[in-house]
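Enquirer:
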Amino acid sequence: MDTRVTEEFISLFPRFRREGELVAEILAHARRQAFQADFHLYWEGDSCSAIAFVLAGEVRVYRCGESGREITLYEIGPGETCILNASCILGNNAYPANAVTVSAGEMLLIPAREFRRLLGNYEAMSAFVYSLLSQRLTEVMELVQEVAFGRMDERLIEYLVEKSANGILHATHQKIANDLGTSREVVSRLLKDLERRERIVLARNVITLLTL
């Protein structure tokens, strides 16, 4: 086995650092695949023949309403996988959302059959999946509260307009979250949605307003 590849994988997925046998199995059965930005990995209703472990780049998981409006459920970065992808495989169900790449990157694709086997044979794999499940469930619960009760997107826009000077706001996502009484993850997701819709431009600790 290529030591460089093993070290790269462990650096991105440190939970498997002491799981040499599991890592060897993953790398033996996985296929490495590059992707470009704006590539749909899954459409709602697709079957899941493999699970993706992201090595580089970012993937956005979202739902689309009848009106065409999109809502981001969560984003996946290096060192993560999609819990809906895992659920799709384990429950033998169709993918219940859409997954599109935000930027170019790479991923490891583990066939569904091998993923089920690894999950059953290695406690570290199941612990990794359940840890991500807990994290994503918390994020989605915050999203539900935000949409149902808070209209956080409207509050965020009002905040950006009020706090900016000449269309520029210098602030961290955490500072904005603290001011609005929500989490940094919620603020980051909403800001990225605004940027995707070309209403703002994001840079490090700087937000440029375009069409708010």
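Numbers given in this note's numbering equal positions in the sequence shown, counted from 1, plus 1022.
Here a beta-carbon is modelled for each residue, glycine too, at the ideal position from N, C-alpha and C.
(1) Taking C-beta to C-beta, are Leu-1182 and Leu-1191 nearer than 8 Å?
(2) Tell me, to the nearest whole angstrom, how far the beta carbon of Met-1174 is from that of Leu-1212; I am working on the premise that it is less than 8 Å.
(3) Please identify the residue among Arg-1026, Ile-1093, Ala-1108 and Pro-1118 whose C-alpha is closest to the C-alpha of Trp-1065.
(4) Would a C-beta distance cut-off of 8 Å place Met-1129 and Ala-1074 closer than the cut-off?
(5) Give the list of continuous alpha helix (DSSP H) stretches no shorter than 4 residues that lie fully inside the region 1119-1146.
(6) Which residue wins for smallest C-alpha separation from Pro-1133, given the options Ser-1153, Ser-1148, Leu-1112 and Thr-1123?
(7) Nearest-angstrom Cα distance between Arg-1082 and Asn-1188?
(8) Rounded to the nearest angstrom, what separates Leu-1180 and Leu-1216 at their Cα positions?
(9) Residues bridged to Val-1081 by DSSP?
(10) Report the rounded CA-to-CA distance for Asn-1120 versus Leu-1063, giving the unit in angstroms.
(11) Specify, as a first and last residue, the run of the alpha helix (DSSP H) that Ala-1046 falls within.
(12) Nearest to Ala-1225 by alpha carbon, out of Ile-1105, Val-1124, Thr-1160 and Lys-1214?
(13) At what residues does the beta strand (DSSP E) containing Tyr-1064 begin and finish?
(14) Any idea which residues DSSP pairs Arg-1054 with across the strands?
(15) Would you check if the distance between the CB atom of Thr-1160 and the CB atom of Phe-1057 is smaller than 8 Å?
(16) Using C-beta distances below 7 Å, list every residue in its chain close to Ala-1126, excluding the 5 sequence neighbours before and after it, in chain order.
(17) With burial defined as no fewer than 16 other Cβ atoms inside 10 Å of the residue's Cβ, what is the status of Arg-1158: buried or exposed?
(18) What is the rounded straight-line gap between the Cα of Leu-1077 and the Cα of Ser-1033?
(19) Quick check: the Cα distance between Phe-1035 and Ser-1089, rounded to an integer number of angstroms?
(20) In this structure, what does DSSP give as the bridge partners for Cys-1070?
(21) If we ignore side chains and look at the alpha-carbon of each, how far apart do Arg-1151 and Leu-1178 end up?
Expert: Short version:
(1) In the sequence shown, residue 1182 corresponds to position 160, counting from 1. In the sequence shown, residue 1191 corresponds to position 169, counting from 1. Contact check for Leu-1182 against Leu-1191 passes: the beta carbons are separated by less than 8 Å.
(2) In the sequence shown, residue 1174 corresponds to position 152, counting from 1. In the sequence shown, residue 1212 corresponds to position 190, counting from 1. Distance from Met-1174 to Leu-1212 at the Cβ level is roughly 6 Å; contact confirmed, criterion being Cβ atoms closer than 8 Å.
(3) Here residue 1065 is taken as the residue at index 43 of the sequence shown, counted from 1. Closest in C-alpha terms to Trp-1065, from the list Arg-1026, Ile-1093, Ala-1108 and Pro-1118, comes Pro-1118.
(4) Here the question's residue 1129 lines up with position 107 in the sequence shown. Here the question's residue 1074 lines up with position 52 in the sequence shown. A contact, by the Cβ cut-off of 8 Å.
(5) Segments of the alpha helix (DSSP H) lying fully in the region 1119-1146: 1134-1143.
(6) By one-based count along the sequence shown, residue 1133 stands at place 111. Closest in alpha carbon position to Pro-1133, among Ser-1153, Ser-1148, Leu-1112 and Thr-1123, is Leu-1112.
(7) Mapped onto the sequence shown, residue 1082 falls at position 60. Mapped onto the sequence shown, residue 1188 falls at position 166. Distance between Arg-1082 and Asn-1188, taken at the CA atoms: about 31 Å.
(8) Translated into the one-based positions of the sequence shown, residue 1180 becomes position 158. Translated into the one-based positions of the sequence shown, residue 1216 becomes position 194. It is worth fixing the name first, because residue 1180 is Glu in this sequence and not Leu. Straight-line Cα distance between these residues: approximately 13 Å.
(9) As a first step, residue 1081 must be located in the sequence shown, where it is residue number 59. Per DSSP, Ile-1098 and Thr-1123.
(10) Position 98 of the sequence shown, counted from the first residue, corresponds to residue 1120. Position 41 of the sequence shown, counted from the first residue, corresponds to residue 1063. Between Asn-1120 and Leu-1063, the C-alpha separation is close to 8 Å.
(11) Position 24 of the sequence shown, counted from the start, is the residue given in the question as residue 1046. Ala-1046 -> alpha helix (DSSP H) spans 1042-1051.
(12) Translated into the one-based positions of the sequence shown, residue 1225 becomes position 203. The shortest Cα separation from Ala-1225 among Ile-1105, Val-1124, Thr-1160 and Lys-1214 belongs to Lys-1214.
(13) Within the sequence shown, the letter at position 42 stands for residue 1064. Per DSSP, Tyr-1064 is one residue of the beta strand (DSSP E) stretching across 1062-1064.
(14) The residue given as residue 1054 occupies position 32 in the sequence shown. For Arg-1054, which the question treats as bridged, DSSP gives the partners Leu-1130.
(15) Locating residue 1160 in the sequence shown gives position 138, where the first residue counts as 1. Locating residue 1057 in the sequence shown gives position 35, where the first residue counts as 1. Not in contact: Thr-1160 and Phe-1057 (Cβ atoms no closer than 8 Å).
(16) Along the sequence shown, one-based indexing puts residue 1126 at 104. Here the set comprises Phe-1057, Gln-1058, Ala-1059 and Gly-1079.
(17) As a position in the sequence shown, residue 1158 is number 136, starting the count at 1. Buried is the call here.
(18) Mapped onto the sequence shown, residue 1077 falls at position 55. Mapped onto the sequence shown, residue 1033 falls at position 11. When only Cα atoms are considered, Leu-1077 and Ser-1033 end up about 10 Å apart.
(19) For the purposes of this step, residue 1035 is identified with residue 13 of the sequence shown, where counting begins at 1. For the purposes of this step, residue 1089 is identified with residue 67 of the sequence shown, where counting begins at 1. Here the alpha carbon of Phe-1035 sits roughly 38 Å from the alpha carbon of Ser-1089.
(20) As a working note, residue 1070 is residue 48 in the sequence shown. Listed as beta-bridge partners of Cys-1070 by DSSP are no residues whatsoever.
(21) Along the sequence shown, read from residue 1 onward, the residue named residue 1151 stands at position 129. Along the sequence shown, read from residue 1 onward, the residue named residue 1178 stands at position 156. Note on identity: in this sequence residue 1151 is Val, with Arg being the wrong assignment. If you take the alpha carbons of Val-1151 and Leu-1178, they lie about 32 Å apart.
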